[in-house]
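Participant:
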Amino acid sequence: MASSSGTSSGSSSIIHQNSGSEEDLTALMDQRKRKRMISNRESARRSRMRKQKHLDDLTGQISQLKKDNEQINTSLNITSQHYMNVEAENSVLRAQADELSNRLQSLNEIASFLNANNGGVHAAAADSSCFTEPHDSFFNPLNLSYLNQPITASAEMFY
0 MASSSGTSSG SSSIIHQNSG SEEDLTALMD QRKRKRMISN RESARRSRMR
50 KQKHLDDLTG QISQLKKDNE QINTSLNITS QHYMNVEAEN SVLRAQADEL
100 SNRLQSLNEI ASFLNANNGG VHAAAADSSC FTEPHDSFFN PLNLSYLNQP
150 ITASAEMFY
């Protein structure tokens with residue numbers, strides 16, 4: 000029996016060693032779990048902070064893009080208004096150019112007509128003894144020799 004009691008006392012001490020080891024192992028595992036849990040919490044906190052910073056950056060970017068968009072829209076409206084004003088002015092200038100071109104054509108026709116008839120009027124006036132030509136032919140309404148050159152221009156000069 001001594002041998003059996005020795006064996007049992009020996010196994011009892013092994014059990015005490017094993018239970019001490021198991022407790023140490025359990026404590027070590029609990030400590031590792033706690034460390035991992037703390038590490039995970041810290042990692043989750045950093046992740047939330049990064050996510051919040053990214054969200055704040057995007058919010059700031061949205062604000063800046065809205066300001067830029069408003070500025071571009073304002074600039075576009077101003078440019079459109081300038082375009083409309085220039086287009087209206089162009090329309091007026093085109094109408095004026097057409098009118099001036101028509102006037103020029105009429106004046107050239109009148110000048111041609113007067114120059115063609117000018118020779119006949121002078122011949123009749125020279126034969127007539129009652130008509131004396133003034134020395135300054137510029138003031139003579141029948142002598143339009145200063146109009147012997149037609150006025151030339153085209154409407155394309157105004158575009």
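When we follow numbering that gives the first Met the number 0, the leftmost residue of the sequence shown carries the number 0, and every step to the right adds one. Beta carbons are placed, not taken as given, at the ideal position from N, Cα and C, and that holds for glycine.
1. Roughly how many whole angstroms lie between the Cα atoms of residue 66 and residue 89?
2. Mapping the DSSP letters down to three states, classify residue 10 as helix, strand or coil.
3. Quick check on residue 34: buried or exposed, where buried means 16 or more other Cβ atoms within 10 Å of its Cβ?
4. Just the C-alpha distance for residue 51 and residue 42, rounded to the nearest angstrom, thanks.
5. In whole angstroms, what is the alpha-carbon distance linking residue 53 and residue 38?
Facilitator: The relevant details are as follows:
1. Position 67 of the sequence shown holds residue 66. Position 90 of the sequence shown holds residue 89. Distance between the alpha carbons of residue 66 and residue 89: 34 Å.
2. Looking up residue 10 in the sequence shown gives position 11. Here residue 10 scores only 49 on pLDDT, less than 50, and its place in the model is too uncertain to base an answer on.
3. One-based indexing of the sequence shown puts residue 34 at position 35. When all chains shown are included, residue 34 counts as exposed.
4. Position 52 of the sequence shown holds residue 51. Position 43 of the sequence shown holds residue 42. When rounded, the distance between both Cα atoms is 14 Å.
5. Looking up residue 53 in the sequence shown gives position 54. Looking up residue 38 in the sequence shown gives position 39. Each residue's Cα considered, the two are about 22 Å apart.
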